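Some notes on the structure that comes next.
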Amino acid sequence: MRQFSFAAVSVLALAALGLAGCQSGSGVDALDLNGQGNNEPVKLSELRMYCPAVQLREGTAYFNTYERGGKDDATRVIYQASIADVTRQCSRSGNMLNIKVAVAGRIVPGPKGKAGTITMPIRVAAIQGAEVMYSQLYKHPVNIPDTIGATQFIFSEAVFQIPVPATQNVLIFAGYDEGPYDTP
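Structure representation (structure tokens):
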């Protein structure tokens with residue numbers, strides 16, 4: 003039994019060495035261990051940087067689109083859209099906080115659904131207390147290839163800056179907003 007275990011370990015070790023040899027370039031270059039890159043060292047304060055939470059506001063996680071004149075009639079639904087998840091990524095540039103918001107969702111065709119491109123009205127807003135620091139309504143196109151099943155989408159076009167807040171009480175909201183598009 004010991005010989006089998008030793009043989010198995012030897013084969014695994016050789017396989018690992020073989021896979022390591024398949025890498026193009028040297029690991030030193032990939033990690034920039036020679037210090038030739040232009041990256042500044044990351045500061046401890048940046049690792050602990052404040053990044054506001056993103057959440058869905060009540061009533062903005064889903065909506066239905068109906069045929070003209072068919073509002074609230076389930077037999078005339080073109081599609082139902084829902085948001086499954088929201089997230090954000092933050093970085094800092096001087097006194098500004100750079101925020102990128104992403105929204106993942108899906109679209110389910112209704113009885114009147116058809117293939118084609120639809121426009122998802124997605125609003126992203128940053129609020130501190132009663133002050134709206136940022137608000138933008140995006141028109142996100144989603145291609146519906148067929149009406150057989152759900153189509154998933156990811157929206158990640160919302161990239162904006164706000165001043166670094168003195169207190170950590172900024173909230174970011176992301177969700178559907180059926181308009182009008184010219185409102186903040």
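Positions 3 to 186 (my numbering) are the ones given, in order, by the sequence shown.
Cβ atoms here follow ideal geometry from the backbone N, Cα and C, with glycine treated the same way.
Predicted model only: the values in this text are computed from it and were never measured.
Asked, Found
"Shortest alpha-carbon distance to Q170 belongs to which of G151, P143 and I129?", "I129"
"Looking only at its chain, what residues have a beta carbon closer than 6 angstroms to the beta carbon of A104, apart from the 5 residues adjacent to it on each side?", "T89 and S158"
"Whole angstroms is fine: what's the gap from L99's alpha carbon to G131's?", "17 angstroms"
"Determine the burial state of S12: buried for a count of at least 16 other Cβ atoms within 10 Å of its Cβ, exposed for fewer.", "Annotation note: pLDDT 46 at S12 (below 50); position unreliable, no value reported."
"On a Cα-Cα basis, can you pick out the residue from N66, A117 and C92 that is closest to T77?", "N66"
"Classify R59 as helix, strand or coil using the three-state DSSP reduction.", "coil"
"Pick helix, strand or coil for R50, following the three-state DSSP scheme.", "coil"
"Which partner residues does I109 have in the DSSP bridge list?", "A83 and T153"
"By alpha-carbon positions, which one of P54, Y64 and I101 ends up nearest to A191?", "Since the displayed the chain opens at 3 and closes at 186, residue 191 lies outside it and no answer follows."
"Could you pull out every residue in the same chain whose Cβ sits closer than 6 angstroms to the Cβ of P111, ignoring the five residues on either side in sequence?", "Y81 and T149"
"What separation, rounded to the nearest whole angstrom, lies between the Cα atoms of A55 and A127?", "12 angstroms"
"List the residues that DSSP assigns as beta-bridge partners of K102.", "Q91 and V161"
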